[in-house]
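Remarks on the structure that follows.
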Amino acid sequence: MTNAWDERKKALEEEYFHKQEQEAIARMKQQNALNHCPKCGEQLEAKTFHGVPLDQCPGCQGVWLGQEDLRILAQKDHRNWFERWFEK
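Residue 4 is where the sequence shown starts when you use the working numbering, and the numbers rise one by one after that.
Written out as structure tokens, the structure is:
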């Protein structure tokens, strides 16, 4: 009878660690995706434009803003800040 309990204990332990490993892998995949350009896959570079943090891709020159960043940029200057961005 003890052998059955030992086997059950080992199975539960293996199941627990398998679940932990799968969750860790999912977190790593998500973190890795956050640091790469969704368009071309290059590593994004952190930049600051008018005090607002953004990510820029050195490969395709894409610019990725956070949730509130575009609104913040638009409120900072009522002139055409968008045109100035492309004049750099």
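Yeah, the Cβ is synthetic: ideal placement off N, Cα and C, and Gly gets one too.
Here the C-alpha atom of D58 lies approximately 5 Å from the C-alpha atom of E48. Q46 is bridged by DSSP to H39.
Following the DSSP letters along the chain, one finds Q59 inside the beta strand (DSSP E) bounded by residues V55 to Q59. Between the alpha carbons of H39 and E16 lies a gap of roughly 35 Å. Separation of H53 and G65 (C-alpha to C-alpha, rounded to the nearest whole angstrom) is 17 Å.
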